[in-house]
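Residue numbers (UniProt numbering): 1 to 235.
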């Protein structure tokens, strides 16, 4: 159980049967209450790791149990076994956004930001945690800063004739990163068949987009994505 995992915020390391990562903050999404207009009166309840507070840590036990705790208080706790059926995780830089489908019509969301002496260290810790999580379920955006994936991405960029994974090809067609970037920028009404099925349903995607728009850094992130698409399209 959690008792075997120390509550200290040191480097992420294998301690006994659990791996522990220090967090800078943990935020729990508070959905609108009954009677509220959708999209209004929504907020996040945020817990921070400060000198005055107990440290926030994320713990994954070898048995597959996932915990977020602050001192002796467990803020999140569940098993990762078969979690791909009800849990979705998206990575962005040193942060993870998690969406848990509690019931057919209910879902809850929370996000974590990893701690570190610098942002690079926080990203490395996030990458380490994603690697561990990937043993139980896929993490969207996980390839962004995985060293092995980085080398694959570079190879693809410098060898545009190489085929992309099946999810990025259509009926045997081979598309380079530049071709896909051009496709997105042109906003064609007809997508290749392999790209027509979104990973999330329209309702789930709408909720996620609303959460993104609440992030003050999201507009700049979108602008950066567009610039990068233009750069890739020219290669």
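Yeah, the Cβ is synthetic: ideal placement off N, Cα and C, and Gly gets one too.
Kindly indicate which three-state DSSP category residue i falls into: helix, strand or coil?
| i | result |
| --- | --- |
| residue 93 | coil |
| residue 225 | helix |
| residue 80 | coil |
Determine the extent of the alpha helix (DSSP H) in which residue i is found, giving its start and end residues.
| i | result |
| --- | --- |
| residue 131 | 119-133 |
From the DSSP output, which residues share a beta bridge with residue i?
| i | result |
| --- | --- |
| residue 44 | 29 |
| residue 21 | 58 |
| residue 74 | 69 |
| residue 232 | For residue 232, which the question treats as bridged, DSSP gives no partner whatsoever. |
| residue 100 | 87, 108 |
If you follow the beta strand (DSSP E) that residue i is part of, which residue opens it and which one closes it?
| i | result |
| --- | --- |
| residue 113 | 106-114 |
**Prompt:** Is the stretch 19-35 touching the stretch 54-69, taking contact as three or more C-beta pairs under 8 Å?
**Reply:** Three or more Cβ pairs drawn from the stretch 19-35 and the stretch 54-69 lie within less than 8 Å of each other, which places the two stretches in contact.
**Request:** Kindly confirm or deny that the stretch 81-91 and the stretch 113-123 touch, where touching means at least three C-beta pairs closer than 8 Å.
**Result:** At 8 Å Cβ cutoff, the stretches do not touch.
**Request:** Give a yes or no on contact between the stretch 44-55 and the stretch 63-80, applying the rule of three or more CB pairs nearer than 8 Å.
**Result:** Short answer: they touch.
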